[in-house]
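For the sequence shown, the working numbering gives the first residue as 8, with consecutive numbering after it.
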Amino acid sequence: TASKSSRPPVVLVTGGAGYIGSHTCLALQEAGYDIVVIDDLSNSSPESLSRVEQLTGKKVLDFVHSDVRNEQALDALFQKHKPVAVIHFAGLKAVGESVRLPLMYYDANIGSTVALLNCMIKHECFNFVFSSSATVYGNPGPAGTPGGLPLRECAPLGALNPYGQTKLAIEHMLRDLACADERWRITLLRYFNPCGAHPSGRIGEDPQGIPNNLMPYVSQVAVGVLPHINVFGNDYSTPDGTGVRDYIHVCDLAAGHVSALAWLLKGCPAPADAAPGTGTCQAINLGTGVGYSVLEMIAAMEKACGRKLAYKITDRRPGDADAVYSDASLALALLGWKAELDLERMCQDLWNWQHNNPHGYAVTKGSQ
Ligand code: NAD
Ligand code: WQD
Numbered sequence: 008t009a010s011k012s013s014r015p016p017v018v019l020v021t022g023g024a025g026y027i028g029s030h031t032c033l034a035l036q037e038a039g040y041d042i043v044v045i046d047d048l049s050n051s052s053p054e055s056l057s058r059v060e061q062l063t064g065k066k067v068l069d070f071v072h073s074d075v076r077n078e079q080a081l082d083a084l085f086q087k088h089k090p091v092a093v094i095h096f097a098g099l100k101a102v103g104e105s106v107r108l109p110l111m112y113y114d115a116n117i118g119s120t121v122a123l124l125n126c127m128i129k130h131e132c133f134n135f136v137f138s139s140s141a142t143v144y145g146n147p148g149p150a151g152t153p154g155g156l157p158l159r160e161c162a163p164l165g166a167l168n169p170y171g172q173t174k175l176a177i178e179h180m181l182r183d184l185a186c187a188d189e190r191w192r193i194t195l196l197r198y199f200n201p202c203g204a205h206p207s208g209r210i211g212e213d214p215q216g217i218p219n220n221l222m223p224y225v226s227q228v229a230v231g232v233l234p235h236i237n238v239f240g241n242d243y244s245t246p247d248g249t250g251v252r253d254y255i256h257v258c259d260l261a262a263g264h265v266s267a268l269a270w271l272l273k274g275c276p277a278p279a280d281a282a283p284g285t286g287t288c289q290a291i292n293l294g295t296g297v298g299y300s301v302l303e304m305i306a307a308m309e310k311a312c313g314r315k316l317a318y319k320i321t322d323r324r325p326g327d328a329d330a331v332y333s334d335a336s337l338a339l340a341l342l343g344w345k346a347e348l349d350l351e352r353m354c355q356d357l358w359n360w361q362h363n364n365p366h367g368y369a370v371t372k373g374s375q
């Protein structure tokens, strides 16, 4: 009927209550999609989605509080909403924890993806956006060497820890799937270092316990929750000796998902990776192409929060590379997407979120 066909397309977002997921849910609603979310809230609060609804003025069509490995819950969700595509954020992401608890990581990350793909096949939904990571490039070769920095999608792959292994294994699995069935349209979005928050200061990253990643740590020092930053080594072969990474604003990243989804729904024009007679499984970097050092990030955050931030140089963290940054040109060529927000904006928006919500969603929960 006319009313049915005029309904917006529904997208299933797994892990939609999380950091990148919540920003992408907001961007999807703003782009005119309806969204349904499945999240077990193991690393997030439902408050993030309430705030997304407040910001967009649109309801999340359905929220299922469940593990993605719960096949009955998934099946019911597909049956009810018939999503045109799935964006799969749900997964565990702490590198150190994955070294201590590898089986938990393999089970959660690979198990949830297998369950999800089986359900998609059953319901004939073949559009899939996967949250991959720059971690699949392992330790990159130096600038100017083949396959080295800046990292192109065709660079050699390798994982340095169980978390990275799960991302790599899922990438392989998705490639095999696309080879076996030409109906699949898949993007492997390899995020570099997401940071920042929505400019409203209402949604942002809310890590449990002491943050593992640099920018959440820096922002907790800025707001006075933590005393000083530990800079993990200043003897790397980088201009100032500290590690260099490709930080990308989470709102740019969210926009990248909307562009990737649009590309899938158009049938993936001109993919770089597809072989004839197969589906598409396209790896795409989401980065800015520019690297900043730890000390540059601290200086940028000092500017945003208006005060000096204490730091100490400590030992290197095992497994850390000198420098990791993307060649971001494929995303522009295929998706028409590029990062727009600079380092100053990332830090301003991170600070805005952090000082409005010094303890994340927990304390301000329910406050309007
Ligand atoms: P996040 O922890 O904030 O979000 C993940 C969400 O998935 C959380 O809401 C969590 O509760 C949920 N979840 C986890 N396991 C689940 C399961 N089995 N079933 C249902 N829900 C589950 O993390 P994020 O930073 O938003 O990352 C999203 C995705 O992007 C992850 O797959 C992560 O590996 C990937 N990624 C993140 C980064 C980064 O630095 N943040 C970089 C590259 C890739
Ligand atoms: C950035 C830089 C550290 C913390 C990780 C994952 C990767 C991806 C993104 C998911 C490095 C230094 C850090 C601190 C510091 N996640 N640092 N003090 O390691 O590039 O990537 O997150 O896929 O897979 O490995 O990000 O933010 O941890 O570190 O000096 O307290 O900051 O040495 O140079 P990383 P990060």
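Beta carbons: idealized from backbone N, C-alpha and C, even for Gly. Just so it is clear, the structure is predicted and the values come from calculations on it, not from any experiment.
| Asked | Found |
| --- | --- |
| I need the straight-line Cα distance from H256 to P206, nearest angstrom please. | 11 Å |
| Any contact of the stretch 18-37 with the stretch 55-74, i.e. 3+ C-beta pairs under 8 Å? | yes |
| Am I right that V225 and I236 are in contact with their C-beta atoms under 8 Å? What's the rounded C-beta distance? | 6 Å |
| Between the C-alpha atoms of G7 and L302, what's the straight-line distance to the nearest angstrom? | A query on residue 7 cannot be resolved here, the shown segment of the chain reaching from 8 to 375 and no further. |
| Under 8 Å Cβ to Cβ from P234, same chain only, skipping five residues before and after it: list those, please. | V228 and A317 |
| Sorted by chain position, which residues of the same chain lie with C-beta nearer than 6 Å to S55's C-beta, five sequence neighbours on each side aside? | A24, S29 and I210 |
| Throw me the rounded Cβ distance for the C32 and V59 pair, which I believe falls under 8 Å. | 5 Å |
| Using a threshold of 7 Å, is the CB atom of I177 nearer than that to any non-hydrogen atom of the ligand NAD? | no |
| Thinking just about the alpha-carbon of each residue, which of D322, S300 and G250 is nearest to the one in D329? | G250 |
| Nearest by alpha-carbon distance to S119: which of G148, K174, L260 and H88 is it? | K174 |
| For N364 and A281, I'd like the C-alpha separation in whole angstroms. | 45 Å |
| Could you give the first and the last residue of the continuous beta strand (DSSP E) run that contains T142? | First-last for T142: undefined, no H or E at that position. |
| What do you reckon, is the C-beta of T142 under 7 Å from a heavy atom of the ligand WQD? | yes |
| Closest by CA to P276, which one among G343, Q361, H95 and L158? | G343 |
| Determine the burial state of L110: buried for a count of at least 16 other Cβ atoms within 10 Å of its Cβ, exposed for fewer. | exposed |
| Grouping DSSP H, G and I as helix and E and B as strand, with all else coil, what is P223? | helix |
| Determine the contact status of Y243 and G296, defining contact as a CB-CB distance below 8 Å. | no |
| Between the stretch 127-134 and the stretch 87-105, can you find at least three pairs of beta-carbon atoms closer than 8 Å? | yes |
| Have a look at D82 and C126 and give me their C-alpha separation to the nearest angstrom. | 6 Å |
| Report the residue from P278, L348, A162 and T194 whose alpha carbon sits nearest the alpha carbon of F96. | T194 |
| Use the C-beta contact count for C258: other C-beta atoms within 10 angstroms, 16 or more gives buried, fewer gives exposed. | buried |
| Whose C-beta lies closer than 6 Å to the C-beta of P148 among residues of the same chain, with five residues either side of it excluded? | This sequence places Gly at residue 148; Pro is not what is there. Correct list, in chain order: G154 and G155. |
| Output needed for Q172: all residues of its chain with C-beta closer than 6 Å, excluding positions within five of it in sequence on either side, in chain order. | A166 |
| Residues in its own chain within less than 6 Å of A204 by CB, not counting five upstream and five downstream? | G211, D356, L357 and W360 |
| Does the Cβ of E179 have 16 or more other Cβ atoms within 10 Å, making it buried, or fewer, making it exposed? | The question names Glu, but residue 179 in the sequence shown is His. It counts as exposed. |
| Express the C-alpha separation of T285 and P163 in angstroms, rounding to a whole number. | 23 Å |
| What runs of the beta strand (DSSP E), each 3 residues or longer, lie entirely inside the stretch 290-368? | 318-321 |
| Taking only three categories from DSSP, how would you classify I236? | strand |
| With DSSP as the reference, label F199 as helix, strand or coil. | coil |
| Please classify A9: does DSSP put it in a helix, a strand, or coil? | Note that A9 has pLDDT 46, beneath the 50 cutoff, so the model's placement of it is unreliable and the number below is only indicative. Correct three-state label for A9: helix. |
| What are the residues that DSSP puts in a beta bridge with A92? | V18 |
| How many Å lie between V143 and I177 at the Cα? | 11 Å |
| Locate the alpha helix (DSSP H) running through Y26, then write down its first and last residues. | Y26 to E37 |
| Do you know whose CA, among C288, D327, R252 and I320, lies nearest D334's CA? | R252 |
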